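Here's the structure, in structure tokens; my notes come after.
Number of protein chains: 2
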Amino acid sequence: MADNLSVSPLAPAGGFPDLPVIAGVRFATTAAGIKYKGRTDVMLAELAPGTTIAGTFTRSKTRAAPVLDCEQKIGMPSEAGAAIVVNSGNANAFTGATGVASVKAVTKAAADATGIPEARVFTSSTGVIGEPLPHDRITVTLAALVDELDEHGIADAARAIMTTDTFPKGAGRTVEVDGYRIRIAGIAKGSGMIAPDMATMLAYVFTDARISRDSLQPLVAAACDESFNRITVDSDTSTSDTLLVAATGTSGVDVEGSDAFATALAEVMDDLARQVVRDGEGASKFVTVSVTGAASECDARQVAFAIANSPLVKTAIAGEDPNWGRVVMAVGKSGAEADRDCLSIRFGDVLVAKDGSVAPGYVETEAARHMGGDDISVSVDLGLGVGTATVYTCDLTSRYIAINADYRS
Amino acid sequence: MADNLSVSPLAPAGGFPDLPVIAGVRFATTAAGIKYKGRTDVMLAELAPGTTIAGTFTRSKTRAAPVLDCEQKIGMPSEAGAAIVVNSGNANAFTGATGVASVKAVTKAAADATGIPEARVFTSSTGVIGEPLPHDRITVTLAALVDELDEHGIADAARAIMTTDTFPKGAGRTVEVDGYRIRIAGIAKGSGMIAPDMATMLAYVFTDARISRDSLQPLVAAACDESFNRITVDSDTSTSDTLLVAATGTSGVDVEGSDAFATALAEVMDDLARQVVRDGEGASKFVTVSVTGAASECDARQVAFAIANSPLVKTAIAGEDPNWGRVVMAVGKSGAEADRDCLSIRFGDVLVAKDGSVAPGYVETEAARHMGGDDISVSVDLGLGVGTATVYTCDLTSRYIAINADYRS
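Taken in order, these protein sequences are the chains called A and B. Each residue of the first sequence is one higher than the one before, starting from 854 at the first, in our numbering. Each residue of the second sequence is one higher than the one before, starting from 854 at the first, in our numbering.
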């Protein structure tokens, strides 16, 4: 197995951030020995009565059992408290009827231990696909976890949900709405969008703002589309991706219709999404792909993802090579409307190509200087319309191969 | 620059095949010094009067100038002779008006040297994108090339069109139609479908059969869809892919409506397509992905390509890991109709997963034994309908990264 213990060179400086405490949310973690030795692998979050919960899930057709269970529960309005139980080390995916029984066992045990109705217990599992979840190892821990619930436990929670992640991911904001302060704090895990075995993306965001489930869900969906749905490490989509956003209302501040709240929520999710890319398997460079001038937003997104997912573009970036020919190729294959002779390409601020050929006065060493950094920007203007899109990705290195070729063997 | 000189471990044993000579087709090659030193990089093929020509081209929106020129000419019926000029080392792609002028210069010089009308001179260029083609180096060679034209030059032609290829690719058949013998011989280059810089796919197939252009084109399109359109190395699509099929009619045997001819033509193209995969950049394993039981042919193809293009599936294969969880993931993300609980997966003959979970009695060492070979088969039955598809690919190794990250630097 490859050594995945060294922290990504792209990890945020300063380590895990100081997150605001959200009244009404308490955390506990434990080492249940599901797969890992010597580290925590179960997290319990308890949410106060009155909490509203929204969420989004993977679009995979082979969704894991916990995802199907969460999807069913998320739509049901409730005033009861809630609980979130997450384990790492095993995804409980492609486990058939056994997997469904495992979800049932964990949710029932959590309901018994917390006094929260089973319909309000949400679970996620992340780790290896296809192996039965040893759910007894989780259920036996729940009573003790309830005793240890702590409002200050969010950093430990971020660590307990990690798999191949090389650093825990957290983001928070404190904002004023109508003169009153509300707080948002979130955690995420993932070394890809992406990556079914050990890098499935999970994210949990908490706020003390008061907002109905019906108002929260569209905010979450829109922010997700601009954050977690704008990142890619390797184009592979997980069977378990889950984002839950819980609003306890404990601040007493109503944020229905507040732009400040919507913006802050979007910022927290964007921050978490970028951290997932910064921990992309084998990543040595953070890459922002911006597309402008597309015939439509949809076309812009298609071109941006074609560039961000192209193995040839990603390996060129790993090699610090301003290989704009590969960007042209990716535009061409995207399926979006494109006219070779209207295309411009920039690496950083350097105009590389314009109107269908190399830019007049282009000096490769200038572009190469930008490629030598660890924050790379690739901008493409299609020259056709007003569609724009931005996507975040990382480069493709031999370390990605080492991690993924050697993972189980 | 990575060392790309060692021959792929998947190269066909026995080297370049003994191909039948096609009367009416003559070849000449030369070292024009376009980019490479000490090897041939220009090929001229001359086709006798009466030859019909069909072809297919990349669907990229950023097609190179020679491709646009060929596309325009291929539809025009003609009884005149024809010429094909191919250079390696420079793709003449994304070169704007300069690129168009280069095509014009080469086709005019070839017409002058051969006496063939310009409208019947087809050119291809393969190599680096975005650099002007030094077309003078080609045009000065043409008169001498005409003097050296030789019916037996096909193996040299296969070598002159190579870029990062590690072996020349040829395939041929001799078949009887209505008791008379006809011959087919083809060459191809490419270390991917794919790969815009130096691995663009080009293929030229010649036959002495007699068939009209209108009958030949649909045969070529159908066979291409089952061969060159069924391979992927890295999911990147070239700006220059070109397939030309030329029927000289010199055998005097009319093959209109002949199944034997159609089958032989398809076999030659399939053989060449597999050789391209066998020379995939960094490939250490040849992979056949077969999908059955899909709701439609289109769904089957979508699932097969999702598996064949998944970096996580490809790295698992490189690591000889029967990681069927990643195959489940790829099915789920494909967008095709799928039901987790109807899915079966085999590696080689070993049934790995069935009805939504691991197969009863599955022993991983048996699947691992299959993965240790260099000819890997991944079969998925979706259990929904009668749609089937087969796609060929190779594994993703750190050598792919080395070749593509270091290529220009």
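Cβ atoms here follow ideal geometry from the backbone N, Cα and C, with glycine treated the same way. Just so it is clear, the structure is predicted and the values come from calculations on it, not from any experiment.
Task: T1016(A) - DSSP class collapsed to helix/strand/coil - done: coil
TODO: Please compile the residues from chain A whose C-beta is within a distance smaller than 7 Å of the C-beta of K1042(B).
DONE: Within 7 Å Cβ-Cβ: nothing; K1042(B) doesn't reach chain A, min ~17 Å.
Task: Short-range partners of chain B found in the region 1232-1252 of chain A, where Cβ spacing is below 8 Å - done: L1249, T1250, S1251
- [ ] For N1257(B), return the contacting residues in chain A, with the cut-off set at a CB-CB distance below 8 Å.
- [x] Here the neighbours are P1164, L1165, T1168, A1169, G1172.
Task: Residue interval of the beta strand (DSSP E) (run including A1041(A)) - done: 1033-1042
TODO: Could you tell me which chain A residues have their CB closer than 9 Å to the CB of A1263(B), listed as they occur along the chain?
DONE: Absent from the structure is residue 1263(B), since the part of chain B shown begins at 854 and ends at 1262.
- [ ] Report the three-state DSSP secondary structure of R990(A) (helix, strand or coil).
- [x] In the structure shown, R990(A) sits in a helix (DSSP, three-state: H, G or I).
Open item on the list: Count Cβ pairs between the region 1113-1124 of chain B and the region 1200-1218 of chain B that sit closer than 8 Å; are there 3 or more?
Closed with: no
Task: Neighbourhood of M896(A) by C-beta, 7 Å cutoff - its chain only, sequence neighbours within 5 removed - done: F880, T882, V939, A1010, A1013, I1014
- [ ] Output the distance between the C-alpha atoms of M1224(B) and V1205(B), rounded to the nearest integer angstrom.
- [x] Going by C-alpha positions, M1224(B) is about 13 Å away from V1205(B).
- [ ] Report the three-state DSSP secondary structure of L1069(A) (helix, strand or coil).
- [x] helix
- [ ] Please specify which runs of the alpha helix (DSSP H), each continuous and at least 4 residues long, are wholly inside the region 1207-1256 of chain B, giving them in chain order.
- [x] 1217-1224
TODO: List the endpoints of the continuous alpha helix (DSSP H) containing E1120(A).
DONE: 1112-1131
Task: Bridge-paired residues (DSSP) for V1108(A) - done: Answer is none; V1108(A) lacks a bridge partner.
- [ ] On a CA-only basis, which of S1197(B), S1232(B), D1061(B) is nearest V874(B)? Give me that one, please.
- [x] Minimum Cα distance to V874(B) is reached at D1061(B).
- [ ] Check the DSSP bridge columns for I906(A) and list the partner residues they point to.
- [x] A1099(A)
Task: Top-ranked residue by Cα proximity to T1243(B), from S1232(B), L1249(B), G1236(B), F910(B) - done: S1232(B)
TODO: Would you list the residues sitting across from A935(B) in a DSSP beta bridge?
DONE: L900(B)
Task: the region 888-895 of chain A / the region 912-926 of chain A touching (three or more Cβ pairs under 8 Å) - done: no
Open item on the list: Can you check whether the C-beta of K1138(A) is within less than 8 Å of a C-beta belonging to chain B?
Closed with: no
Task: Under 8 Å by beta carbon: chain A residues contacting R1193(B) - done: K914, T915, R916, F947
Open item on the list: Taking the alpha-carbon of A935(A) as reference, which of S941(A), P970(A), F947(A), N943(A) has the nearest alpha-carbon?
Closed with: Measuring C-alpha to C-alpha distances from A935(A) to each of S941(A), P970(A), F947(A), N943(A) identifies P970(A) as the nearest.
Task: Whole-angstrom distance between A966(B) and D1000(B), CA atom to CA atom - done: 10 Å
- [ ] Would you verify that the beta carbon of I1254(B) is, or is not, closer than 8 Å to some beta carbon of chain A?
- [x] yes
Open item on the list: Contact between the region 986-996 of chain B and the region 943-961 of chain B is defined here as three or more beta-carbon pairs at a separation below 8 Å; is this criterion met?
Closed with: yes
Task: Contact the region 1238-1255 of chain A vs the region 1138-1145 of chain A: 3+ CB pairs below 8 Å - done: yes
Task: Within chain B, partners of T951(A) - CB distance below 8 Å - done: Near T951(A) (Cβ distances below 8 Å), the residues of chain B are S1210.
TODO: List the residues of chain B that T1092(A) touches, going by C-beta distances under 9 Å, in chain order.
DONE: Identification of chain B residues near T1092(A) by a Cβ-Cβ cut-off of 9 Å yields G1178, V1181, M1182, G1185, K1186, R1193, ordered along the chain.
Task: Collapsed DSSP secondary structure at G868(A) in the structure displayed - done: DSSP, read as helix, strand or coil, puts G868(A) in coil.
Task: Coarse secondary structure for L995(A), derived from DSSP in three states - done: Reduced to three states, the DSSP call for L995(A) is helix.
TODO: Out of P1164(A), A1148(A), L1235(A), state which residue places its alpha-carbon closest to the alpha-carbon of I1198(A).
DONE: L1235(A)
TODO: Look up T960(A) in the DSSP assignment and give the residues it is bridged to.
DONE: DSSP, once it has assigned bridges, lists no residue as partnering T960(A).
Open item on the list: In the DSSP output, which residue or residues are listed as bridge partners for T1092(B)?
Closed with: In the DSSP output, where bridge partners are listed per residue, T1092(B) has none listed.
Task: Bounding residues of the alpha helix (DSSP H) (the contiguous stretch that carries G1178(B)) - done: 1177-1186
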